[in-house]
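**Student:**
Protein chains: 2
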Amino acid sequence: MVELGSCPLPFRDYDKVTIAHGGGGVLTQELIQKLFIPAFGDAAADATPTDAATLAVGAGRIAFTTDSYVVRPLFFPGGDIGQLSVHGTVNDLAMAGAQPLALSTAFVLEEGLEMGVLHRIATSMGAAATAAGVGLVTGDTKVVDAGLADGMYITTAGVGVIPDGVDLRPERVVPGDAVILSGTIGRHGTAVMSVREGLEFGTELVSDSAPLNGLVESMLSVCPDIHALRDLTRGGMAAALCEIAEIASVGVRYVEAAVPVPPEVDAACGFLGLDPIHVANEGRLVAFAPAEEAEALVVEMPQHELGADAVIIGEVTEENAGVVTARTALGTHRIVDQPLGEQLPRIC
Amino acid sequence: MVELGSCPLPFRDYDKVTIAHGGGGVLTQELIQKLFIPAFGDAAADATPTDAATLAVGAGRIAFTTDSYVVRPLFFPGGDIGQLSVHGTVNDLAMAGAQPLALSTAFVLEEGLEMGVLHRIATSMGAAATAAGVGLVTGDTKVVDAGLADGMYITTAGVGVIPDGVDLRPERVVPGDAVILSGTIGRHGTAVMSVREGLEFGTELVSDSAPLNGLVESMLSVCPDIHALRDLTRGGMAAALCEIAEIASVGVRYVEAAVPVPPEVDAACGFLGLDPIHVANEGRLVAFAPAEEAEALVVEMPQHELGADAVIIGEVTEENAGVVTARTALGTHRIVDQPLGEQLPRIC
Numbered sequence: 001m002v003e004l005g006s007c008p009l010p011f012r013d014y015d016k017v018t019i020a021h022g023g024g025g026v027l028t029q030e031l032i033q034k035l036f037i038p039a040f041g042d043a044a045a046d047a048t049p050t051d052a053a054t055l056a057v058g059a060g061r062i063a064f065t066t067d068s069y070v071v072r073p074l075f076f077p078g079g080d081i082g083q084l085s086v087h088g089t090v091n092d093l094a095m096a097g098a099q100p101l102a103l104s105t106a107f108v109l110e111e112g113l114e115m116g117v118l119h120r121i122a123t124s125m126g127a128a129a130t131a132a133g134v135g136l137v138t139g140d141t142k143v144v145d146a147g148l149a150d151g152m153y154i155t156t157a158g159v160g161v162i163p164d165g166v167d168l169r170p171e172r173v174v175p176g177d178a179v180i181l182s183g184t185i186g187r188h189g190t191a192v193m194s195v196r197e198g199l200e201f202g203t204e205l206v207s208d209s210a211p212l213n214g215l216v217e218s219m220l221s222v223c224p225d226i227h228a229l230r231d232l233t234r235g236g237m238a239a240a241l242c243e244i245a246e247i248a249s250v251g252v253r254y255v256e257a258a259v260p261v262p263p264e265v266d267a268a269c270g271f272l273g274l275d276p277i278h279v280a281n282e283g284r285l286v287a288f289a290p291a292e293e294a295e296a297l298v299v300e301m302p303q304h305e306l307g308a309d310a311v312i313i314g315e316v317t318e319e320n321a322g323v324v325t326a327r328t329a330l331g332t333h334r335i336v337d338q339p340l341g342e343q344l345p346r347i348c
Numbered sequence: 001m002v003e004l005g006s007c008p009l010p011f012r013d014y015d016k017v018t019i020a021h022g023g024g025g026v027l028t029q030e031l032i033q034k035l036f037i038p039a040f041g042d043a044a045a046d047a048t049p050t051d052a053a054t055l056a057v058g059a060g061r062i063a064f065t066t067d068s069y070v071v072r073p074l075f076f077p078g079g080d081i082g083q084l085s086v087h088g089t090v091n092d093l094a095m096a097g098a099q100p101l102a103l104s105t106a107f108v109l110e111e112g113l114e115m116g117v118l119h120r121i122a123t124s125m126g127a128a129a130t131a132a133g134v135g136l137v138t139g140d141t142k143v144v145d146a147g148l149a150d151g152m153y154i155t156t157a158g159v160g161v162i163p164d165g166v167d168l169r170p171e172r173v174v175p176g177d178a179v180i181l182s183g184t185i186g187r188h189g190t191a192v193m194s195v196r197e198g199l200e201f202g203t204e205l206v207s208d209s210a211p212l213n214g215l216v217e218s219m220l221s222v223c224p225d226i227h228a229l230r231d232l233t234r235g236g237m238a239a240a241l242c243e244i245a246e247i248a249s250v251g252v253r254y255v256e257a258a259v260p261v262p263p264e265v266d267a268a269c270g271f272l273g274l275d276p277i278h279v280a281n282e283g284r285l286v287a288f289a290p291a292e293e294a295e296a297l298v299v300e301m302p303q304h305e306l307g308a309d310a311v312i313i314g315e316v317t318e319e320n321a322g323v324v325t326a327r328t329a330l331g332t333h334r335i336v337d338q339p340l341g342e343q344l345p346r347i348c
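If you want it as structure tokens, here you go:
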């Protein structure tokens, strides 16, 4: 009989893991802050609150990140778990300002998985990595019993090189910064949900999954002093803005009408009872930059396909520290909350 | 309906993934060489045949590795999945001669997992990382539905710094090299198997799971020119020796009687119908070093707890390139094969 360790901290009365603990929202943060960090002890002294850690190597700096992908189904409009696992990790490096140096890939495969499916997904990973200009240099393969892994789970890790002079961190965000959104929101999450649930929304929804390192490189070329970047993955734009507001102890205020939501996303969200700002994306980012450089950025970004709809959506304020507010079409302001868990589970 | 990709290469007539494809034996190698590498295409141009890739960063070199852990059960005599996931990745870095700089940890958790279990395993990871002198700096948490993932799967990745002058690669192994084994074999795999199957072998079997970076550091201090190191994980000592023989195109010859097998491992293997040389370890290595430095190594290694039973077990030969042979107690020689798959599945 295995004796269980005591778990001294309250988890909003959760004594078991729930799906919401994996949603990238408040419960995921609680799990990290109240269970993992204290349990890791001294080993977590240098743990990062963002998706990529920065490591000093000789005179330079590298970024280091990892993500597991458990998206269901494995294939969705505009992508698949393999491509997603490359884009997500490349993007976490890009948010630290790093150009990807190498990726690793670890597979947990389900016994009985069709080799053709694995081949198709591996091919997709290779193509995605090549397009992002990075190699898949090391990896691992484990197989678990039939029924245990939904076909496959993939964990990629990445190492990237941070150019001299680039210093992207939530802590650098200050009142007065402009908040820039790189494009439309909500396509990845609604695309996966539509195929999973067999929903038809008239217009086909296609994931926005894409590697952001090229866009980030061009943004840094015109504005090396960008303060912070954040991709809009689990928890969507709302979670990204809330995270920055909290870590930097600033207010974030944006204009709802300025946020581009594709009509098909709007329709799908209406049907599903979701707010597009909570839906996961995999090819979108927000940038926090000095206001005087924001115009140059939104002129440069559309030169890149992934920045075609770049727009200034708001600003950073001293008041309302830690809080995100949105100005509605009626001119009122509402507080934007981070959801407890992901409203769309298993999206990445 | 999802259209499946074509899979042009023969997989010994396997059109589906089997448990053996995750065993670290010949079938795992086939999956990597015939499916992953071609499917990854250009992205795999710099892929490594060993467990850790070496990357140039500025003037220095770093090692980069990843492994998924799917051991069943989560707790076993002498360890648990958390500790194992730290040791395994630290050891892959150590086999490249690298001192660990940072680890990442990605969890796939099963909905309904007891928080107390997660807490106990996270605590174990923190303690293992601290003991190995490395931090857990970044990570990810995903949750999948109840019934999937056997409680949890953990994927750790690691980055390490390779000291100047250290160059450990299978390709450097040459005829005349001595083959040194760091200690007894077979304890990890038989310990996990004994608790999984509820077997009783009289004497309790305890896993050998341990971080090898300290031992490797002391070995390199007396012999910086060690040619290659390999830990004896999936597939055991046999797989490690076969891999080196094949990559370096050399023969490897060892003396069976020189390999220390604890009596309790011997008994368990007899009961299970296994050969100890095929059983996974997590705190053991083989070293290939110039013969004239081998004595200094086996004098130095016992200074470290994990090298207490270090012994020269054989040598590298020009003849029988790619083949491992063992001299039996009768004085005959037998060819040592790499198993098709792991005889003990889900051991790491």
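Protein chains in written order, with the working numbering: chain A, 1 to 348; chain B, 1 to 348. No residue lacks a Cβ here, since even glycine has one placed at the ideal position from N, Cα and C.
1. Determine which residues of the stretch 223-234 of chain B have a Cβ less than 8 angstroms from any Cβ of chain A, and write them out in chain order.
2. Can you find at least 3 beta carbon pairs, one from the stretch 111-130 of chain A and one from the stretch 38-49 of chain A, that sit closer than 8 angstroms?
3. On the three-pair Cβ rule with 8 angstroms, is the stretch 127-137 of chain B touching the stretch 201-217 of chain B?
4. Using a beta-carbon distance below 7 angstroms, is B/MET193 in contact with chain A?
5. Please classify A/HIS21: is it buried, with 16 or more other beta-carbons within 10 angstroms of its beta-carbon, or exposed?
6. Whole-angstrom Cβ separation of B/GLN338 and B/VAL26, contact assumed at under 8 angstroms?
7. Got a sec? Which residues, its chain only, sit under 7 angstroms from A/PRO302 by beta carbon, not counting five neighbours each side?
8. So what's B/SER209 in DSSP terms, helix, strand or just coil?
9. Taking only three categories from DSSP, how would you classify B/ASP67?
10. Quick check on B/GLN83: buried or exposed, where buried means 16 or more other Cβ atoms within 10 Å of its Cβ?
11. Buried or exposed: where does B/PRO263 fall if 16 or more other Cβ atoms within 10 Å of its Cβ makes it buried?
12. In terms of alpha-carbon separation, which member of A/ASP145, A/ILE32, A/LEU168 and A/VAL117 lies closest to A/GLN99?
13. For a test of your reading of the model: does the CB of B/GLY112 fall under 6 angstroms from any non-hydrogen atom of the ligand NAP? Yes or no.
14. How far does the alpha helix (DSSP H) with A/SER124 in it reach, from first residue to last?
15. With distance defined between alpha-carbon atoms, name the residue in B/GLY160, B/VAL195 and B/THR89 nearest to B/GLU282.
16. CA-CA distance, B/ILE162 and B/GLY60?
17. Any beta-carbon of chain A closer than 7 angstroms to the one on B/HIS21?
18. Run through the stretch 259-293 of chain B for me and flag every whole beta strand (DSSP E) of 3 or more residues, listed as ranges in chain order.
19. So, A/ILE313 versus A/ALA258, is the Cβ gap smaller than 7 angstroms?
20. Quick check on this structure: which residue in A/GLY151, A/THR50, A/ASP150 and A/TYR254 has the alpha carbon closest to the alpha carbon of A/ALA329?
21. Report the rounded CA-to-CA distance for B/SER221 versus B/GLU243, giving the unit in angstroms.
22. Taking C-beta pairs closer than 7 angstroms, name the residues in chain B that A/MET125 reaches, listed in chain order.
23. Compare the C-beta of A/THR325 with all C-beta atoms of chain B and state if any pair is closer than 7 angstroms.
24. Considering just the uninterrupted stretch of the alpha helix (DSSP H) at B/THR48, what are its terminal residues?
25. Taking only the alpha-carbon atoms, compute the straight-line gap between A/MET193 and B/PHE36 and give it to the nearest angstrom.
26. Along chain B, which residues have their Cβ under 8 angstroms away from the Cβ of A/SER104?
27. With 16 other CB atoms within 10 Å as the buried threshold, where does A/THR332 fall?
28. So, using beta-carbon positions, are A/ASP150 and A/ARG72 closer together than 7 angstroms?
29. So, is B/PRO10 buried or exposed, given that buried needs 16 or more other C-beta atoms within 10 angstroms?
30. Roughly how many angstroms lie between the CA atoms of A/LEU31 and B/LEU285, to the nearest whole one?
31. State yes or no: is the beta carbon of A/VAL137 nearer than 7 angstroms to at least one beta carbon in chain B?
32. With distances taken Cα to Cα, identify the nearest neighbour of A/PRO77 among A/VAL179, A/ARG196 and A/GLY135.
33. Could you tell me the alpha carbon to alpha carbon distance between A/ASP275 and A/HIS304, rounded to whole angstroms?
34. Compute the distance between the beta-carbons of B/PHE64 and A/ALA102, then report whether it is under 7 angstroms.
35. Go through its chain and collect everything with a Cβ distance to B/ALA91's Cβ below 6 angstroms, but skip five positions before and after it.
36. Output yes if chain B places a C-beta closer than 7 angstroms to the C-beta of A/THR328; else output no.
**Tutor:** In this structure, then:
1. Those residues of the stretch 223-234 of chain B that come within reach of chain A (Cβ to Cβ, closer than 8 angstroms) do not exist; the list is empty.
2. No, they do not touch.
3. Segments in contact, yes.
4. Not an interface residue.
5. Label assigned to A/HIS21: buried.
6. Yes, B/GLN338 and B/VAL26 are in contact; Cβ-Cβ is about 5 angstroms, under 8 angstroms.
7. The residues are ALA308 and ALA310.
8. Of the three classes helix, strand and coil, the one that applies to B/SER209 here is coil, per DSSP.
9. Strand, per DSSP.
10. Looking at its Cβ environment, which holds 16 or more other Cβ atoms inside 10 Å, B/GLN83 is buried.
11. The residue in question, B/PRO263, is exposed, as its Cβ has fewer than 16 Cβ neighbours within 10 Å.
12. Between A/GLN99 and the set A/ASP145, A/ILE32, A/LEU168 and A/VAL117, the nearest pair of CA atoms involves A/LEU168.
13. By its list of ligands, the structure shown contains no ligand whatsoever, and the ligand NAP lies outside what it can speak to.
14. Residues 115-132.
15. Here the closest residue by C-alpha is B/THR89.
16. Going by the C-alpha atoms only, they are around 8 angstroms apart.
17. Yes, B/HIS21 lies at the interface with chain A (some Cβ there is under 7 angstroms from its Cβ).
18. Within the stretch 259-293 of chain B, the complete beta strand (DSSP E) segments of 3 residues or longer fall at 285-289, listed in chain order.
19. In contact: A/ILE313 and A/ALA258 (Cβ atoms closer than 7 angstroms).
20. The candidate whose alpha carbon is nearest that of A/ALA329 is A/TYR254.
21. Across the structure, B/SER221 and B/GLU243 are spaced so that their CA atoms are roughly 26 angstroms apart.
22. Ordered by position in chain B, the residues that pass the 7 angstroms Cβ test against A/MET125 are PHE40.
23. So, not an interface residue.
24. Secondary structure note for B/THR48: it is in no alpha helix (DSSP H), with a DSSP letter that is neither H nor E.
25. About 29 angstroms.
26. Under the 8 angstroms cutoff, chain B gives ALA53, PHE64, THR65, THR66 and ALA157.
27. Sixteen is the threshold: since fewer than 16 other Cβ atoms of the shown chains lie within 10 Å of the Cβ of A/THR332, the residue is exposed.
28. Taking 7 angstroms as the Cβ cut-off, A/ASP150 and A/ARG72 qualify as a contacting pair.
29. Note that B/PRO10 scores a pLDDT of 48, beneath 50, so its modelled location is shaky and nothing firm can be said.
30. A straight-line Cα-Cα distance of about 36 angstroms links A/LEU31 and B/LEU285.
31. Yes, A/VAL137 lies at the interface with chain B (some Cβ there is under 7 angstroms from its Cβ).
32. When A/VAL179, A/ARG196 and A/GLY135 are compared, the shortest CA-CA separation from A/PRO77 is found for A/ARG196.
33. So the alpha carbons of these two residues sit roughly 27 angstroms apart.
34. Result yes, Cβ atoms of B/PHE64 and A/ALA102 sit closer than 7 angstroms.
35. For the sequence presented, residue 91 of chain B should be read as Asn rather than Ala. For B/ASN91, same chain residues with a beta-carbon under 6 angstroms away, outside a window of 5 residues either side, are LEU212 and ASP231 in chain order.
36. For A/THR328, the closest Cβ of chain B is not nearer than 7 angstroms.
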